[in-house]
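So the structure is just underneath, and the comments pick up after that.
In the working numbering, the protein residues as written are 155 to 337.
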């Protein structure tokens with residue numbers, strides 16, 4: 155079983171740890187992380203979720219997941235990068251760009267979370283990433299303009315495209331990518 159720290163609707167820990175299945179079944183507020191990986195050319199890494207994933211199989215996303223019980227958000231982001239992309243980093247490599255609030259229905263479940271969204275720059279090419287078939291079926295880099303189109307069109311094949319906070323995230327990513335391209 156995977157336990158999750160529960161938070162209130164203001165993102166304060168309430169001292170309760172609940173099994174992940176119950177968190178989604180009951181729509182309990184919790185914390186999640188997402189990491190936008192950007193290469194030296196200013197492209198954003200997308201990963202296609204494995205078809206065996208229980209939630210949102212075969213959808214495009216970024217490195218993301220729940221913050222486990224007794225884990226801080228930055229450690230969760232580092233863990234997800236390592237587990238999904240075999241990418242090691244330090245806390246200094248990750249930059250927090252937004253904390254989004256999500257509340258969405260997933261079939262018979264409800265996902266209520268505060269999503270900590272990070273940015274990390276890398277020089278890795280697609281072929282440098284080993285693919286863990288339990289997590290990912292495919293990887294690709296896309297331009298910031300393509301990311302903007304996916305968000306504008308609320309592409310149903312992208313897990314985060316319809317989230318309200320994505321406009322702010324996009325602007326922050328665009329700013330950082332322009333800085334990368336200027337160097």
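Built from N, CA and C at the ideal position, the CB exists for glycine as well. All of these numbers come straight from a predicted model, not from anything done at the bench.
Could you check what DSSP says for residue i in three-state terms: helix, strand or coil?
| i | result |
| --- | --- |
| residue 229 | helix |
| residue 240 | coil |
| residue 314 | coil |
| residue 246 | coil |
| residue 285 | coil |
| residue 203 | strand |
| residue 198 | strand |
| residue 324 | helix |
So residue i and residue j are in contact, right, with Cβ under 8 Å, and what is the actual spacing, rounded?
| i | j | result |
| --- | --- | --- |
| residue 200 | residue 296 | 6 Å |
| residue 266 | residue 183 | 5 Å |
| residue 164 | residue 223 | Their Cβ separation, rounded to whole angstroms, is 19 Å, which puts residue 164 and residue 223 out of contact at 8 Å. |
| residue 161 | residue 189 | About 20 Å separates the two Cβ atoms, so there is no contact after all. |
| residue 332 | residue 277 | With a Cβ gap of about 18 Å, residue 332 and residue 277 do not count as contacting. |
| residue 280 | residue 247 | Rounded, the Cβ-Cβ distance is 20 Å, inconsistent with contact. |
| residue 330 | residue 192 | 7 Å |
Have a look at the options and flag the residue whose alpha-carbon is nearest the alpha-carbon of residue i.
| i | options | result |
| --- | --- | --- |
| residue 204 | 302, 334, 291, 337 | 291 |
| residue 337 | 180, 196, 254, 300 | 196 |
| residue 262 | 208, 331, 169, 156 | 208 |
| residue 243 | 254, 319, 252, 230 | 230 |
| residue 320 | 252, 185, 280 | 252 |
| residue 226 | 289, 167, 288, 299 | 167 |
| residue 324 | 299, 245, 233 | 299 |
| residue 228 | 179, 250, 240 | 250 |
Can you check DSSP and say which residues form a bridge with residue i?
| i | result |
| --- | --- |
| residue 275 | 192 |
| residue 267 | 184, 256 |
| residue 222 | 158 |
Using 8 Å as the threshold, is the segment 292-312 in touch with the segment 250-260, meaning 3 or more CB pairs across them? The segment 292-312 is not in contact with the segment 250-260.
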